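Numbering (our numbering), first residue to last: 3 to 436. For glycine and all other residues, C-beta sits at the position ideal for the given N, C-alpha and C. Every value quoted in this text rests on a predicted model; they were computed, and no experiment measured them.
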Amino acid sequence: RFLIKVLLHSPVLSLVTMLTPTDRRKHRESLRRALKSNSPEDVASLLALPSVSHNSNSNTNNAGDNFQYPNDMSNEPGLVVEYDTGTVDFSNIVKSWNMAEYAASMGNISKCYDAQSSLHSSINKVFGSIPGNWLVPALHVVCVNSHRMAVLADERLGKGNNDHTRLQNAVTLLQESFSKTVNDRKELKPNAPLSKDGSKKVGVLFIVNQLFSMYFRLNTLRLCRNLLRPVEDRNLHQHGIMGDKVTYRYYVGRLSMFEDQYEAAETHLEYALLHCHKDAVANKKRTLNYLLPVKIYRGRLPTRRLLEKYSLHEFIPIVEGIRTGDLRTFHDGLMKNQELFIRRGTYLLLEKCKTVCYRNLFKRVFLVMGRSQLPLDKIVKSFKWLGYPMDYDEVECILANLIYNRFVRGYISHEKRTLVLSKQDPFPVSAVIK
(Lines of atoms letter the chains of each structure in order from A and count residues from 1; the text may use other names and numbers.)
(Lines give C-alpha, C1' and ligand atoms only; values in the text may rest on other atoms or scores of the structure.)
Protein backbone atom coordinates (compact mmCIF):
# COMPACT_ATOMS: atom_id res chain seq x y z
CA ARG A 1 0.00 0.00 0.00
CA PHE A 2 2.94 2.33 0.67
CA LEU A 3 4.23 1.70 -2.86
CA ILE A 4 0.87 2.64 -4.33
CA LYS A 5 0.78 5.90 -2.37
CA VAL A 6 4.26 6.82 -3.60
CA LEU A 7 3.14 6.25 -7.19
CA LEU A 8 -0.02 8.29 -6.77
CA HIS A 9 1.81 11.31 -5.37
CA SER A 10 4.79 11.34 -7.73
CA PRO A 11 5.36 14.67 -9.57
CA VAL A 12 3.80 15.17 -12.99
CA LEU A 13 6.68 17.15 -14.44
CA SER A 14 10.27 15.91 -14.54
CA LEU A 15 12.88 14.80 -17.00
CA VAL A 16 12.50 11.16 -18.00
CA THR A 17 14.44 8.68 -20.10
CA MET A 18 12.76 7.11 -23.12
CA LEU A 19 12.42 3.31 -23.04
CA THR A 20 14.19 1.31 -25.72
CA PRO A 21 12.54 -1.64 -27.51
CA THR A 22 14.41 -3.95 -25.13
CA ASP A 23 13.09 -1.99 -22.15
CA ARG A 24 9.54 -2.22 -23.46
CA ARG A 25 9.92 -5.98 -23.94
CA LYS A 26 11.14 -6.34 -20.35
CA HIS A 27 8.27 -4.19 -19.16
CA ARG A 28 5.74 -6.35 -21.01
CA GLU A 29 7.20 -9.54 -19.53
CA SER A 30 7.20 -8.03 -16.04
CA LEU A 31 3.59 -7.03 -16.51
CA ARG A 32 2.72 -10.53 -17.72
CA ARG A 33 4.25 -12.09 -14.59
CA ALA A 34 2.51 -9.57 -12.32
CA LEU A 35 -0.87 -10.17 -13.96
CA LYS A 36 -0.43 -13.92 -13.88
CA SER A 37 0.46 -13.89 -10.18
CA ASN A 38 -2.37 -11.45 -9.32
CA SER A 39 0.07 -9.05 -7.66
CA PRO A 40 -1.80 -5.75 -7.00
CA GLU A 41 1.26 -3.64 -6.16
CA ASP A 42 3.38 -4.88 -9.06
CA VAL A 43 0.61 -4.35 -11.64
CA ALA A 44 -0.03 -0.86 -10.32
CA SER A 45 3.65 0.09 -10.44
CA LEU A 46 4.00 -1.20 -14.01
CA LEU A 47 0.92 0.71 -15.21
CA ALA A 48 1.97 4.00 -13.61
CA LEU A 49 2.44 6.63 -16.29
CA PRO A 50 5.93 8.15 -16.30
CA SER A 51 6.34 11.88 -15.84
CA VAL A 52 6.13 14.24 -18.79
CA SER A 53 9.36 15.82 -19.93
CA HIS A 54 9.44 19.60 -19.45
CA ASN A 55 11.94 20.06 -22.25
CA SER A 56 11.03 23.45 -23.69
CA ASN A 57 11.59 22.24 -27.24
CA SER A 58 9.57 19.07 -26.95
CA ASN A 59 6.10 20.51 -27.47
CA THR A 60 7.21 22.40 -30.56
CA ASN A 61 9.24 19.71 -32.31
CA ASN A 62 6.89 16.83 -31.63
CA ALA A 63 3.44 18.39 -31.71
CA GLY A 64 0.52 17.76 -34.01
CA ASP A 65 0.89 15.90 -37.31
CA ASN A 66 4.71 15.83 -37.13
CA PHE A 67 4.67 13.47 -34.15
CA GLN A 68 5.24 9.80 -35.00
CA TYR A 69 5.66 6.70 -32.88
CA PRO A 70 8.60 4.33 -33.56
CA ASN A 71 7.88 1.71 -36.23
CA ASP A 72 8.91 -1.16 -33.97
CA MET A 73 6.23 -0.17 -31.42
CA SER A 74 3.35 -1.20 -33.70
CA ASN A 75 4.93 -4.59 -34.39
CA GLU A 76 5.30 -5.66 -30.77
CA PRO A 77 3.32 -8.74 -29.72
CA GLY A 78 0.23 -8.45 -27.54
CA LEU A 79 -0.31 -9.71 -24.02
CA VAL A 80 -2.84 -12.44 -23.30
CA VAL A 81 -2.94 -14.00 -19.82
CA GLU A 82 -4.62 -17.29 -18.99
CA TYR A 83 -6.64 -17.61 -15.78
CA ASP A 84 -8.75 -20.38 -14.30
CA THR A 85 -11.85 -18.60 -15.57
CA GLY A 86 -10.47 -18.08 -19.09
CA THR A 87 -8.10 -15.83 -21.01
CA VAL A 88 -7.93 -12.04 -20.75
CA ASP A 89 -6.41 -9.85 -23.45
CA PHE A 90 -4.26 -7.02 -22.06
CA SER A 91 -2.80 -6.10 -25.45
CA ASN A 92 -4.57 -2.74 -25.76
CA ILE A 93 -3.44 -1.78 -22.26
CA VAL A 94 0.19 -2.56 -23.05
CA LYS A 95 0.04 -0.80 -26.42
CA SER A 96 -1.58 2.31 -24.93
CA TRP A 97 0.92 2.41 -22.08
CA ASN A 98 3.85 2.18 -24.51
CA MET A 99 2.41 5.06 -26.56
CA ALA A 100 1.78 7.16 -23.45
CA GLU A 101 5.29 6.47 -22.14
CA TYR A 102 6.90 7.44 -25.45
CA ALA A 103 4.82 10.62 -25.79
CA ALA A 104 5.66 11.55 -22.19
CA SER A 105 9.38 11.09 -22.78
CA MET A 106 9.14 13.29 -25.90
CA GLY A 107 7.19 15.95 -24.00
CA ASN A 108 4.07 15.73 -26.22
CA ILE A 109 1.29 16.24 -23.71
CA SER A 110 -1.51 15.97 -26.27
CA LYS A 111 -0.48 12.54 -27.56
CA CYS A 112 0.32 11.43 -24.03
CA TYR A 113 -3.19 12.25 -22.84
CA ASP A 114 -4.78 10.58 -25.88
CA ALA A 115 -2.82 7.38 -25.17
CA GLN A 116 -3.64 7.60 -21.45
CA SER A 117 -7.34 7.92 -22.29
CA SER A 118 -7.13 4.80 -24.44
CA LEU A 119 -5.33 3.02 -21.60
CA HIS A 120 -8.01 4.05 -19.13
CA SER A 121 -10.83 2.92 -21.40
CA SER A 122 -9.13 -0.44 -21.92
CA ILE A 123 -8.53 -1.09 -18.23
CA ASN A 124 -12.15 -0.20 -17.47
CA LYS A 125 -13.25 -3.00 -19.79
CA VAL A 126 -10.78 -5.50 -18.38
CA PHE A 127 -11.54 -4.52 -14.79
CA GLY A 128 -15.21 -5.31 -15.24
CA SER A 129 -14.50 -8.76 -16.70
CA ILE A 130 -11.96 -9.99 -14.12
CA PRO A 131 -13.31 -11.41 -10.84
CA GLY A 132 -12.07 -10.03 -7.55
CA ASN A 133 -10.57 -6.69 -6.57
CA TRP A 134 -6.84 -7.29 -7.01
CA LEU A 135 -6.74 -4.81 -9.94
CA VAL A 136 -8.11 -1.95 -7.80
CA PRO A 137 -4.67 -0.39 -7.08
CA ALA A 138 -3.87 -0.42 -10.81
CA LEU A 139 -7.21 1.24 -11.56
CA HIS A 140 -6.47 3.90 -8.96
CA VAL A 141 -3.11 4.68 -10.53
CA VAL A 142 -4.70 4.97 -13.96
CA CYS A 143 -7.45 7.26 -12.59
CA VAL A 144 -4.90 9.59 -11.02
CA ASN A 145 -2.85 9.71 -14.21
CA SER A 146 -5.90 10.47 -16.35
CA HIS A 147 -6.89 13.26 -13.98
CA ARG A 148 -3.45 14.85 -13.80
CA MET A 149 -2.67 14.48 -17.48
CA ALA A 150 -6.02 16.06 -18.40
CA VAL A 151 -5.35 19.07 -16.17
CA LEU A 152 -1.83 19.44 -17.53
CA ALA A 153 -2.98 19.11 -21.15
CA ASP A 154 -5.70 21.74 -20.68
CA GLU A 155 -3.23 24.12 -19.04
CA ARG A 156 -0.64 23.75 -21.81
CA LEU A 157 -2.88 23.36 -24.84
CA GLY A 158 -6.17 24.97 -23.81
CA LYS A 159 -7.50 28.01 -25.64
CA GLY A 160 -8.17 29.86 -22.40
CA ASN A 161 -8.51 29.53 -18.65
CA ASN A 162 -11.98 28.04 -19.06
CA ASP A 163 -10.97 25.38 -21.59
CA HIS A 164 -11.45 22.06 -19.78
CA THR A 165 -12.10 19.84 -22.80
CA ARG A 166 -9.73 17.06 -21.77
CA LEU A 167 -10.72 17.21 -18.11
CA GLN A 168 -14.36 16.78 -19.06
CA ASN A 169 -13.37 13.77 -21.15
CA ALA A 170 -11.43 12.36 -18.21
CA VAL A 171 -14.51 12.76 -16.00
CA THR A 172 -16.36 10.35 -18.27
CA LEU A 173 -13.57 7.79 -17.90
CA LEU A 174 -13.55 8.05 -14.12
CA GLN A 175 -17.34 7.89 -13.97
CA GLU A 176 -17.14 4.55 -15.77
CA SER A 177 -14.51 3.38 -13.28
CA PHE A 178 -16.80 4.47 -10.45
CA SER A 179 -19.66 2.50 -11.97
CA LYS A 180 -17.49 -0.62 -12.29
CA THR A 181 -16.61 -0.52 -8.60
CA VAL A 182 -19.81 0.65 -6.92
CA ASN A 183 -22.08 -1.78 -8.81
CA ASP A 184 -20.10 -4.88 -7.88
CA ARG A 185 -22.50 -7.39 -6.34
CA LYS A 186 -20.04 -8.96 -3.95
CA GLU A 187 -20.34 -7.93 -0.33
CA LEU A 188 -17.64 -5.59 0.93
CA LYS A 189 -15.61 -7.06 3.78
CA PRO A 190 -13.71 -4.27 5.55
CA ASN A 191 -9.95 -4.77 5.98
CA ALA A 192 -9.98 -7.92 3.84
CA PRO A 193 -6.88 -8.32 1.62
CA LEU A 194 -7.13 -7.77 -2.13
CA SER A 195 -7.87 -11.07 -3.82
CA LYS A 196 -9.64 -12.86 -6.67
CA ASP A 197 -12.72 -13.14 -4.44
CA GLY A 198 -12.83 -9.63 -2.98
CA SER A 199 -15.40 -6.91 -3.64
CA LYS A 200 -14.56 -4.16 -6.08
CA LYS A 201 -16.39 -1.72 -3.80
CA VAL A 202 -13.12 -1.36 -1.89
CA GLY A 203 -11.98 1.00 -4.65
CA VAL A 204 -15.01 3.29 -4.64
CA LEU A 205 -13.97 5.98 -2.16
CA PHE A 206 -10.65 6.79 -3.82
CA ILE A 207 -12.30 7.25 -7.23
CA VAL A 208 -15.08 9.37 -5.69
CA ASN A 209 -12.43 11.70 -4.22
CA GLN A 210 -10.82 12.07 -7.63
CA LEU A 211 -14.19 12.90 -9.17
CA PHE A 212 -14.91 15.42 -6.40
CA SER A 213 -11.66 17.18 -7.22
CA MET A 214 -12.56 17.28 -10.91
CA TYR A 215 -16.12 18.50 -10.29
CA PHE A 216 -14.85 21.34 -8.09
CA ARG A 217 -12.32 22.35 -10.73
CA LEU A 218 -15.05 22.30 -13.40
CA ASN A 219 -17.52 24.07 -11.07
CA THR A 220 -20.14 21.36 -11.61
CA LEU A 221 -20.95 20.81 -7.95
CA ARG A 222 -24.45 19.57 -8.74
CA LEU A 223 -22.88 16.31 -9.97
CA CYS A 224 -21.40 15.62 -6.53
CA ARG A 225 -24.80 14.53 -5.25
CA ASN A 226 -24.83 11.75 -7.84
CA LEU A 227 -21.81 10.30 -6.03
CA LEU A 228 -22.99 10.87 -2.46
CA ARG A 229 -26.24 8.93 -2.69
CA PRO A 230 -24.86 5.53 -3.78
CA VAL A 231 -21.82 5.85 -1.51
CA GLU A 232 -23.65 6.82 1.68
CA ASP A 233 -26.63 4.53 1.09
CA ARG A 234 -24.16 1.61 1.18
CA ASN A 235 -22.02 3.17 3.96
CA LEU A 236 -18.98 2.93 1.70
CA HIS A 237 -17.63 6.22 3.08
CA GLN A 238 -17.06 4.54 6.46
CA HIS A 239 -14.67 1.93 5.08
CA GLY A 240 -11.22 2.23 3.60
CA ILE A 241 -7.95 3.83 4.63
CA MET A 242 -8.03 6.97 6.76
CA GLY A 243 -6.52 9.14 4.01
CA ASP A 244 -9.45 8.42 1.68
CA LYS A 245 -12.00 9.01 4.43
CA VAL A 246 -10.41 12.33 5.38
CA THR A 247 -10.36 13.48 1.75
CA TYR A 248 -13.99 12.45 1.34
CA ARG A 249 -15.10 14.41 4.40
CA TYR A 250 -13.09 17.43 3.23
CA TYR A 251 -14.94 17.60 -0.08
CA VAL A 252 -18.35 16.86 1.47
CA GLY A 253 -17.70 19.65 3.97
CA ARG A 254 -16.88 22.09 1.19
CA LEU A 255 -19.98 21.02 -0.71
CA SER A 256 -22.15 21.55 2.39
CA MET A 257 -20.65 25.01 2.86
CA PHE A 258 -21.54 26.03 -0.70
CA GLU A 259 -25.09 24.73 -0.11
CA ASP A 260 -25.41 26.90 3.06
CA GLN A 261 -25.54 23.80 5.29
CA TYR A 262 -23.09 25.26 7.77
CA GLU A 263 -23.64 22.85 10.65
CA ALA A 264 -22.97 19.84 8.41
CA ALA A 265 -20.02 21.64 6.83
CA GLU A 266 -18.45 22.25 10.24
CA THR A 267 -18.92 18.59 11.21
CA HIS A 268 -17.29 17.22 8.06
CA LEU A 269 -14.42 19.71 7.95
CA GLU A 270 -13.66 19.24 11.65
CA TYR A 271 -13.45 15.49 11.08
CA ALA A 272 -11.05 16.05 8.19
CA LEU A 273 -8.88 18.37 10.30
CA LEU A 274 -8.78 16.19 13.41
CA HIS A 275 -8.04 12.97 11.50
CA CYS A 276 -5.52 14.46 9.11
CA HIS A 277 -1.98 13.11 9.52
CA LYS A 278 -0.01 15.16 12.03
CA ASP A 279 2.73 15.87 9.50
CA ALA A 280 0.34 16.87 6.67
CA VAL A 281 0.54 20.59 7.49
CA ALA A 282 -0.41 21.68 3.96
CA ASN A 283 -3.58 19.56 4.06
CA LYS A 284 -4.51 20.93 7.47
CA LYS A 285 -4.10 24.47 6.16
CA ARG A 286 -6.19 23.60 3.11
CA THR A 287 -8.96 22.35 5.40
CA LEU A 288 -8.76 25.41 7.64
CA ASN A 289 -9.24 27.68 4.61
CA TYR A 290 -12.88 26.48 4.59
CA LEU A 291 -13.42 25.46 8.21
CA LEU A 292 -12.49 28.87 9.62
CA PRO A 293 -15.08 30.89 7.61
CA VAL A 294 -17.76 28.43 8.73
CA LYS A 295 -16.71 28.64 12.37
CA ILE A 296 -16.43 32.43 12.26
CA TYR A 297 -19.93 32.68 10.81
CA ARG A 298 -21.19 30.35 13.55
CA GLY A 299 -19.61 32.53 16.23
CA ARG A 300 -16.45 30.59 17.06
CA LEU A 301 -13.44 32.82 16.56
CA PRO A 302 -10.01 31.19 16.18
CA THR A 303 -7.06 32.31 18.28
CA ARG A 304 -4.29 34.41 16.80
CA ARG A 305 -1.86 31.64 17.75
CA LEU A 306 -3.68 29.17 15.50
CA LEU A 307 -3.74 31.60 12.58
CA GLU A 308 -0.03 32.31 12.90
CA LYS A 309 0.83 28.62 13.29
CA TYR A 310 -0.64 27.78 9.88
CA SER A 311 0.27 31.13 8.26
CA LEU A 312 -3.38 32.08 7.80
CA HIS A 313 -2.63 35.77 8.09
CA GLU A 314 -5.50 36.76 5.80
CA PHE A 315 -7.96 35.90 8.60
CA ILE A 316 -6.25 37.94 11.34
CA PRO A 317 -7.83 41.38 10.59
CA ILE A 318 -11.22 39.79 10.01
CA VAL A 319 -11.16 37.96 13.33
CA GLU A 320 -9.81 40.95 15.24
CA GLY A 321 -12.40 43.21 13.63
CA ILE A 322 -15.26 40.93 14.66
CA ARG A 323 -13.89 40.35 18.16
CA THR A 324 -13.62 44.09 18.91
CA GLY A 325 -16.47 45.36 16.74
CA ASP A 326 -13.96 47.30 14.64
CA LEU A 327 -15.81 47.59 11.36
CA ARG A 328 -12.90 49.38 9.67
CA THR A 329 -10.38 46.60 10.42
CA PHE A 330 -12.88 43.95 9.34
CA HIS A 331 -13.69 45.68 6.06
CA ASP A 332 -10.06 46.48 5.23
CA GLY A 333 -9.03 42.86 5.82
CA LEU A 334 -11.88 41.58 3.68
CA MET A 335 -11.09 43.94 0.81
CA LYS A 336 -7.35 43.33 0.97
CA ASN A 337 -7.83 39.59 0.41
CA GLN A 338 -11.01 39.81 -1.64
CA GLU A 339 -9.56 38.08 -4.69
CA LEU A 340 -8.21 35.21 -2.59
CA PHE A 341 -11.53 34.66 -0.80
CA ILE A 342 -13.48 34.83 -4.06
CA ARG A 343 -11.17 32.25 -5.61
CA ARG A 344 -11.77 29.94 -2.65
CA GLY A 345 -15.50 30.58 -2.73
CA THR A 346 -15.64 31.88 0.86
CA TYR A 347 -16.02 35.62 0.25
CA LEU A 348 -19.83 35.76 0.53
CA LEU A 349 -19.76 33.71 3.73
CA LEU A 350 -17.20 36.05 5.30
CA GLU A 351 -19.25 39.02 4.12
CA LYS A 352 -22.17 37.63 6.14
CA CYS A 353 -19.98 37.79 9.24
CA LYS A 354 -20.31 41.58 9.15
CA THR A 355 -23.58 41.10 11.07
CA VAL A 356 -21.65 39.81 14.09
CA CYS A 357 -19.23 42.75 13.73
CA TYR A 358 -22.18 45.16 13.91
CA ARG A 359 -23.49 43.37 16.97
CA ASN A 360 -20.16 43.63 18.79
CA LEU A 361 -19.84 47.33 17.88
CA PHE A 362 -23.21 48.08 19.46
CA LYS A 363 -22.21 46.03 22.50
CA ARG A 364 -19.05 48.15 22.94
CA VAL A 365 -21.12 51.34 22.76
CA PHE A 366 -23.43 49.83 25.40
CA LEU A 367 -20.50 48.96 27.69
CA VAL A 368 -18.96 52.42 27.30
CA MET A 369 -22.20 54.25 28.08
CA GLY A 370 -23.24 51.84 30.83
CA ARG A 371 -27.00 52.15 30.35
CA SER A 372 -29.77 50.30 28.56
CA GLN A 373 -31.04 53.27 26.52
CA LEU A 374 -28.64 54.18 23.73
CA PRO A 375 -29.30 57.37 21.75
CA LEU A 376 -28.91 56.64 18.05
CA ASP A 377 -26.78 59.72 17.58
CA LYS A 378 -24.06 58.06 19.67
CA ILE A 379 -24.16 55.04 17.38
CA VAL A 380 -24.11 57.27 14.29
CA LYS A 381 -21.01 58.99 15.66
CA SER A 382 -19.37 55.59 16.21
CA PHE A 383 -19.86 54.67 12.55
CA LYS A 384 -18.57 58.07 11.48
CA TRP A 385 -15.47 57.69 13.65
CA LEU A 386 -14.77 54.31 12.01
CA GLY A 387 -14.94 55.93 8.58
CA TYR A 388 -18.45 54.70 7.65
CA PRO A 389 -20.81 57.65 7.91
CA MET A 390 -24.48 56.61 8.08
CA ASP A 391 -27.75 58.39 8.58
CA TYR A 392 -30.34 57.45 11.20
CA ASP A 393 -32.43 55.37 8.81
CA GLU A 394 -29.47 53.16 7.89
CA VAL A 395 -28.59 52.62 11.54
CA GLU A 396 -32.19 51.74 12.36
CA CYS A 397 -32.25 49.25 9.49
CA ILE A 398 -29.12 47.52 10.80
CA LEU A 399 -30.53 47.43 14.33
CA ALA A 400 -33.86 46.06 13.11
CA ASN A 401 -32.09 43.16 11.40
CA LEU A 402 -30.02 42.44 14.51
CA ILE A 403 -33.14 42.42 16.67
CA TYR A 404 -34.98 40.21 14.18
CA ASN A 405 -32.09 37.71 14.15
CA ARG A 406 -32.03 37.84 17.99
CA PHE A 407 -28.47 39.13 18.10
CA VAL A 408 -29.82 42.06 20.14
CA ARG A 409 -32.67 42.04 22.67
CA GLY A 410 -34.63 45.26 22.75
CA TYR A 411 -36.59 47.64 20.54
CA ILE A 412 -36.14 50.91 18.68
CA SER A 413 -37.99 54.02 19.76
CA HIS A 414 -38.32 55.79 16.44
CA GLU A 415 -39.74 59.00 17.92
CA LYS A 416 -36.99 59.40 20.50
CA ARG A 417 -34.34 57.91 18.16
CA THR A 418 -33.23 55.58 20.91
CA LEU A 419 -32.32 51.91 21.16
CA VAL A 420 -33.91 50.46 24.29
CA LEU A 421 -32.08 47.31 25.36
CA SER A 422 -33.33 44.49 27.54
CA LYS A 423 -32.02 44.66 31.10
CA GLN A 424 -31.34 40.92 31.04
CA ASP A 425 -28.72 39.70 28.58
CA PRO A 426 -29.21 42.36 25.85
CA PHE A 427 -26.56 40.73 23.65
CA PRO A 428 -27.16 36.96 23.99
CA VAL A 429 -24.14 34.82 23.18
CA SER A 430 -26.38 31.86 22.29
CA ALA A 431 -27.67 33.73 19.23
CA VAL A 432 -24.15 34.23 17.88
CA ILE A 433 -22.66 30.84 18.75
CA LYS A 434 -24.80 28.26 16.97
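Can you check which of these residues, the options, is closest to residue i by C-alpha distance?
| i | options | result |
| --- | --- | --- |
| residue 239 | 305, 289, 295, 208 | 208 |
| residue 302 | 405, 325, 315, 167 | 325 |
| residue 287 | 269, 310, 365 | 310 |
| residue 259 | 235, 218, 243 | 218 |
| residue 428 | 359, 344, 237, 375 | 375 |
| residue 146 | 254, 387, 215, 21 | 215 |
| residue 282 | 241, 249, 96, 400 | 249 |
| residue 174 | 212, 101, 391 | 212 |
| residue 170 | 225, 313, 105, 130 | 225 |
| residue 97 | 130, 274, 112, 80 | 80 |
| residue 167 | 242, 392, 116 | 116 |
| residue 294 | 333, 236, 242, 355 | 355 |
| residue 43 | 222, 360, 141 | 141 |
| residue 150 | 379, 106, 192, 129 | 106 |
| residue 143 | 38, 176, 408 | 176 |
Kindly identify the DSSP beta-bridge partner or partners of residue i.
| i | result |
| --- | --- |
| residue 414 | 421 |
| residue 80 | Beta-bridge pairing links residue 80 to no other residue. |
| residue 85 | 88 |
| residue 72 | Answer is none; residue 72 lacks a bridge partner. |
Is it buried or exposed for residue i, if we count other Cβ within 10 angstroms and need 16 for buried?
| i | result |
| --- | --- |
| residue 156 | buried |
| residue 135 | buried |
| residue 165 | exposed |
| residue 2 | Here the chain has residues from 3 to 436 only, and residue 2 is not among them. |
| residue 340 | exposed |
| residue 308 | exposed |
| residue 126 | buried |
| residue 265 | exposed |
| residue 13 | Here the model assigns residue 13 a pLDDT of 37, short of 50, so the residue's position is not dependable and the matter cannot be decided. |
| residue 172 | buried |
| residue 85 | exposed |
| residue 108 | buried |
| residue 244 | exposed |
| residue 82 | exposed |
| residue 262 | exposed |
| residue 122 | buried |
| residue 372 | exposed |
| residue 362 | buried |
| residue 99 | buried |
| residue 431 | exposed |
| residue 342 | exposed |
| residue 291 | buried |
| residue 313 | exposed |
| residue 103 | buried |
| residue 199 | exposed |
| residue 124 | buried |
| residue 255 | buried |
| residue 383 | exposed |
| residue 194 | exposed |
Helix, strand or coil: which one does DSSP assign to residue i?
| i | result |
| --- | --- |
| residue 430 | coil |
| residue 33 | helix |
| residue 133 | coil |
| residue 378 | helix |
| residue 142 | helix |
| residue 255 | helix |
| residue 366 | helix |
| residue 119 | helix |
| residue 3 | Because the pLDDT of residue 3 is 43, which lies under 50, any placement of that residue in the model is unreliable, and the question is left without a value. |
| residue 359 | helix |
| residue 371 | helix |
| residue 95 | helix |
| residue 166 | coil |
| residue 48 | helix |
| residue 112 | helix |
| residue 22 | coil |
| residue 41 | coil |
| residue 174 | helix |
| residue 344 | helix |
| residue 339 | coil |
| residue 435 | coil |
| residue 128 | helix |
Does the Cβ of residue i lie closer than 7 Å to at least one heavy atom of the ligand NAD?
| i | result |
| --- | --- |
| residue 38 | In the structure shown, the ligand NAD is absent, as is every other ligand, since no ligand is present at all. |
> Of all the alpha helix (DSSP H) runs that stay within the bounds of the region 383-413, which reach a length of 4 or more residues?
Replying inline: Listed in chain order, they are 394-406.
> Could you give the uninterrupted runs of the beta strand (DSSP E) lying entirely in the region 260-334, keeping only those of 3 residues or more?
Replying inline: If you keep only unbroken beta strand (DSSP E) runs of at least 3 residues inside the region 260-334, you get nothing at all.
>> Please give the ranges of any alpha helix (DSSP H) in the region 180-253, keeping only runs that are unbroken, at least 4 residues long and fully inside the region.
In response: 206-220, 226-235
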